[in-house]
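In what follows, a single structure is set out as structure tokens and then discussed.
Protein chains: 2
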Amino acid sequence: MKKKITLKQIARELDVSVSTVSKALSGSKEISEDTTQKIQAFAKLYNYKPNNIALSLKNRKTKTIGILIPEIVHHFFSTVIRGIERVANRRGYNVIVGLSNESFAKEIINMEMLANGSIDGFILSISKETLLKQDYHHFHATINQGMPIVMFDRVVSEVECDKVIVDDFNGAVKAVKKLIENNCKNIALITTMDYVSVGKLRTQGYLEALETNGFVPDSNLILKIDDSLNVENHLEILETEIAQFFQTNPQIDGVFAVNELYAVTAMKVAKKLGVHVPDDIQVIGFTDGVLSKHATPSLTTVSQHGQKMGEQAANLLIDRLDAEDAEGEQYFTNKDKKSDFITVVIETEIIERESTK
Amino acid sequence: MKKKITLKQIARELDVSVSTVSKALSGSKEISEDTTQKIQAFAKLYNYKPNNIALSLKNRKTKTIGILIPEIVHHFFSTVIRGIERVANRRGYNVIVGLSNESFAKEIINMEMLANGSIDGFILSISKETLLKQDYHHFHATINQGMPIVMFDRVVSEVECDKVIVDDFNGAVKAVKKLIENNCKNIALITTMDYVSVGKLRTQGYLEALETNGFVPDSNLILKIDDSLNVENHLEILETEIAQFFQTNPQIDGVFAVNELYAVTAMKVAKKLGVHVPDDIQVIGFTDGVLSKHATPSLTTVSQHGQKMGEQAANLLIDRLDAEDAEGEQYFTNKDKKSDFITVVIETEIIERESTK
DNA sequence: ATATTTAACGAAAACGTTTTCGTGTTGATA
DNA sequence: TATCAACACGAAAACGTTTTCGTTAAATAT
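Going down the list, the protein sequences come from chains A and B. Just so we're aligned: 263 in numbering that gives the first Met the number 0 is position 264 of the first sequence, and the numbers increase by one with no gaps anywhere. Just so we're aligned: 159 in numbering that gives the first Met the number 0 is position 160 of the second sequence, and the numbers increase by one with no gaps anywhere.
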């Protein structure tokens with residue numbers, strides 16, 4: 000077994016100093032042709048690669064960014080990761096992933112673990128529990144320590160940082176407007192509890208679209224699902240809730256759901272109740288994931304562009320990091336530039352499939 | 000902005016030496032009560048946390064493990080990551096993720112980036128292109144450098160290391176036997192090209208099950224999909240292929256598909272052709288993902304237990320890493336122990352849903 | 001022949017830790 | 001009173017780099 004070789008070993012072997020080896024390998028013309036050649040040949044032979052940890056320590060930057068998300072077995076979040084990884088890789092960064100599991104405590108633990116030198120900056124989406132508690136001190140703390148954060152999707156105005164969000168409000172408006180154009184008269188909303196910001200915004204969009212089109216919102220047509228429990232494991236509960244909802248409101252001829260699981264489940268329930276999609280009832284979901292694409296009938300959705308969000312977030316973060324060490328600390332102590340934080344809004348569009356006419 | 004505080008700064012502030020601070024914080028009784036108290040209070044006040052990079056450099060271990068997978072927007076792989084992250088976190092490790100995107104080159108690049116000190120060991124699943132090329136030198140190289148690898152799912156006998164696989168062969172056997180018991184007489188197989196090991200094993204299981212039950216395998220009933228292109232984007236091609244397959248073989252009354260996408264698509268195609276599932280044709284897939292659960296009818300599948308695979312893989316790797324620095328290098332130079340590599344086989348079971356009787 | 005430049009290299013510091021090995025004060029013991 | 005532990009702490013090395021600043025010898029200029 001050949002352990003990785005170090006500068007010191009090369010130096011000893013070739014009877015020169017460590018500095019000479021370092022310079023020769025970086026092609027410094029401070030070193031003679033001869034020795035440079037010799038050293039480079041030797042290094043190649045033994046497949047020398049500088050140790051990343053040592054470099055990180057010296058440069059005080061790790062060239063890795065930390066991703067902190069609530070859940071990874073989730074189409075949207077994994078799409079975001081893919082986007083982040085793409086640009087991170089292109090721009091010479093690695094990604095290290097932490098999962099909060101929607102837990103406030105795990106979110107904090109993870110941040111503290113990573114914030115101690117392991118990464119140069121965060122890209123994260125806030126856990127449900129944190130949103131519920133509205134306790135954001137850990138975000139403020141790490142930002143205060145000079146570690147930049149980019150938030151995506153589940154963001155919060157209380158924290159000043161770069162953000163990437165999808166236009167939840169207008170996405171919902173578009174969806175509902177589409178249903179109205181398709182002649183739906185009684186449009187239902189299946190949503191989550193309000194504390195997750197995106198759910199709230201989509202709900203507001205639903206209401207807005209109704210009102211501007213002369214509809215009067217009917218609270219009976221709004222079904223709020225308690226998603227504090229992981230819905231994936233409580234599918235039956237979800238189904239019966241929706242079934243009851245449909246049965247007590249038989250006039251429903253259009254459904255807007257704030258995520259694709261609710262939408263697909265609504266379609267399944269409709270089918271069981273003998274209601275035909277899209278003839279009797281049309282359905283639009285949010286987030287364009289696997290379910291939407293492969294459901295029968297396939298689901299019309301509001302696209303969420305997870306990969307694009309990831310790419311934008313990564314670019315925002317890396318731009319800031321690169322700027323940091325280009326301009327040195329001046330970048331931060333400069334009071335003028337103090338709060339030039341950007342919020343990128345990704346536009347949504349409707350992807351029409353079989354669940355609408 | 001308060002940058003993270005270091006030992007040196009504490010030392011200067013309290014007018015003691017760095018070593019004293021270090022010892023005081025670790026509770027060494029070499030230091031007097033008084034100073035220990037003073038230092039610990041100061042450290043807590045300024046929220047001192049030791050720098051991970053410095054620790055990594057000193058200890059020559061990073062306490063992070065590298066995950067290298069072909070794709071992350073994929074239910075199975077993300078499940079595995081969740082499993083890895085779970086035990087990694089519990090055992091004090093971080094995870095850093097690289098994506099090969101099914102590319103040989105990206106796989107190598109990623110490994111080289113991470114192998115230079117950033118991680119202590121790998122957990123990976125081989126990319127399709129690598130399997131096709133059958134070039135495994137990069138695995139051998141990193142193993143030779145003393146960095147342990149644990150492979151999962153897509154493994155290869157040419158590389159000696161710990162492995163975690165699912166019992167693809169027997170899973171397929173079970174599935175086909177189930178179809179036979181359910182009175183299917185003409186059981187079709189929808190599979191991938193042979194170079195991906197898991198596909199090959201599942202195909203073999205299909206054949207085995209037929210033969211031991213007195214069936215004669217009919218090559219007309221085997222549909223091999225070329226999955227060199229990303230199927231997600233070529234859904235129509237997949238659908239038309241399956242449609243043709245069904246039409247030229249109307250006798251098919253049972254389908255075993257090596258993944259859930261093929262299975263769900265087969266059901267969709269069947270429905271379009273007016274063939275009823277499960278009355279006219281029964282379908283079983285492999286991998287228990289979102290699609291299986293939420294399809295209508297929901298899909299009977301062979302469970303793949305991604306999370307369990309991840310957990311096992313992580314435990315194998317961390318066991319080895321911990322053993323390494325418990326016994327020192329002796330662990331490795333000890334010739335007796337040289338090839339005590341373990342292959343963990345995760346058992347499969349059939350999850351019965353609506354697509355079978 | 002002397003002074004000065006240049007070429008080629010080495011020593012040392014620095015990044016932030018931990019740990020081993022001193023070293024100088026005490027207080028107790030012989 | 002001399003000797004010796006025990007105590008409380010500091011200096012320095014080490015992990016693997018890069019970089020600044022010498023330093024020496026040769027080469028050039030005066």
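In this text, a Cβ means the ideal position worked out from N, Cα and C, and glycines have one as well.
Please report whether the beta-carbon of Leu98/B lies at a distance below 8 Å from any beta-carbon of chain A.
yes
Less than 6 Å between C-beta atoms, sequence neighbours within five positions excluded: which residues of the same chain meet that for Tyr261/B?
Ile189
Can you list the residues of chain B that Glu352/A reaches, using a CB-CB cut of under 7 Å?
The sequence shown places Arg at residue 352/A, not Glu. Those within 7 Å of Arg352/A in chain B number zero; the least Cβ separation is about 12 Å.
Which same chain residues, not among the five before or five after Leu220/B, have their C-beta less than 8 Å away from its C-beta?
Asn185, Ile186, Ala187, Leu188, Asn248 and Ile251
Three or more beta-carbon pairs under 8 Å between the region 234 to 241 of chain A and the region 168 to 186 of chain A, yes or no?
Contact fails: fewer than three Cβ-Cβ distances are below 8 Å.
At the 8 Å Cβ level, is Met308/A part of the contact set with chain B, yes or no?
no
For Glu351/B, which residues from the same chain have a beta carbon less than 7 Å from its beta carbon, with the 5 sequence-adjacent residues on both sides left out?
Thr299
So, at 6 Å on beta carbons, what are the nonlocal neighbours of Glu348/A in its own chain, with the 5 sequence-adjacent residues on each side left out?
The residues are Ser302.
Does the region 73 to 86 of chain B come close enough to the region 132 to 140 of chain A to have 3 or more Cβ pairs within less than 8 Å?
Under the Cβ criterion (8 Å, minimum of three pairs), the region 73 to 86 of chain B does not count as touching the region 132 to 140 of chain A.
At a Cβ cut of 7 Å, what residues of the region 0 to 14 of chain B count as close to chain A, listed as they run along the chain?
Met0, Lys1, Lys2 and Lys3
Roughly how many angstroms separate the alpha carbons of Val286/A and His304/A, rounded to a whole number?
One point to set straight first is that residue 286/A is Thr, not Val, in the sequence displayed. Inter-residue distance for Thr286/A and His304/A is about 8 Å (C-alpha atoms, whole angstroms).
Give the interface partners of Ile95/A over in chain B, defined as CB-CB distance under 8 Å, in chain order.
Thr63, Asn93, Val94, Ile95 and Val96
Using only alpha-carbon positions, find the residue among Ile64/A, Val276/A, Leu6/A and Leu200/A that is nearest to Tyr92/A.
Ile64/A
What residues in the region 139 to 151 of chain B have a beta carbon less than 7 Å from any beta carbon of chain A?
Asn143, Gln144 and Gly145
Which same chain residues end up closer than 8 Å to Gln168/A when comparing Cβ atoms and leaving out the 5 residues on each side of it in sequence?
As written in the sequence, residue 168/A is Phe, which differs from the Gln given in the question. The residues are Leu200, Arg201, Gln203, Gly204 and Glu207.
Does any residue of chain A have a CB that is nearer than 8 Å to the CB of Leu56/B?
yes
Could you tell me if Glu128/A is buried or exposed, where buried requires 16 or more neighbouring beta carbons within 10 angstroms of its beta carbon?
buried
List, from N- to C-terminal side, the beta strand (DSSP E) runs of 3 residues or more that fit wholly inside the region 137 to 217 of chain B.
Listed in chain order, the complete beta strand (DSSP E) runs (minimum 3 residues) inside the region 137 to 217 of chain B are 148 to 151, 161 to 165 and 186 to 191.
Does the Cβ-Cβ distance between Glu353/A and Pro277/A come in under 8 Å?
yes
In this structure, how does DSSP classify Glu348/B when only helix, strand and coil are distinguished?
coil
Out of Arg85/A, Glu84/A and Met266/A, which one is the CA nearest neighbour of Ala294/B?
Met266/A
Considering just the uninterrupted stretch of the alpha helix (DSSP H) at Leu113/B, what are its terminal residues?
Phe103 to Ala114
Using a Cβ-Cβ distance under 8 Å, would Leu123/B count as near chain A?
no
Please state the DSSP three-state secondary structure of Phe431/B.
No information on residue 431/B is available, as it lies outside the stretch 0 to 356 that chain B covers here.
Considering Cα atoms alone, identify which of Asp166/B, Phe340/B, Ala269/B and Ile66/B is closest to Gly309/B.
Per the Cα distances, Ile66/B.
When the Cα atoms are used, what is the spatial distance from Asp321/A to Ile107/A?
26 Å
Of the choices Asp226/A, Val15/A, Ala171/A and Gly198/A, whose alpha-carbon is the least far from that of Arg153/A?
Gly198/A
How about Glu29/A and Asp166/A: are their beta carbons less than 8 Å apart?
Not a contact, by the Cβ cut-off of 8 Å.
Using DSSP's beta-bridge definition, name the partner residues of Asn93/B.
Thr63/B
Could you check what DSSP says for Phe255/B in three-state terms: helix, strand or coil?
strand
Residues in its own chain within less than 8 Å of Gln39/A by CB, not counting five upstream and five downstream?
Residues of the same chain with a CB within less than 8 Å of the CB of Gln39/A, apart from the 5 flanking positions on each side, are Ala23 and Leu24 in chain order.
Across which residues does DSSP place Phe121/A in a beta bridge pair?
Note: Phe121/A sits in a beta bridge opposite Gly65/A and Ile148/A.
What residue from His275/A, Tyr45/A, Ser27/A and Phe151/A has the CA that sits closest to Met0/A's CA?
Tyr45/A
Would you mind working out which of Ser27/B, Thr34/B and Asp217/B sits nearest Glu12/B, comparing C-alpha positions?
Scanning Ser27/B, Thr34/B and Asp217/B for the CA closest to the CA of Glu12/B turns up Thr34/B.
Would you mind reading off the limits of the alpha helix (DSSP H) that contains Thr357/A?
Nothing can be reported for residue 357/A, as the shown portion of chain A is limited to 0 through 356.
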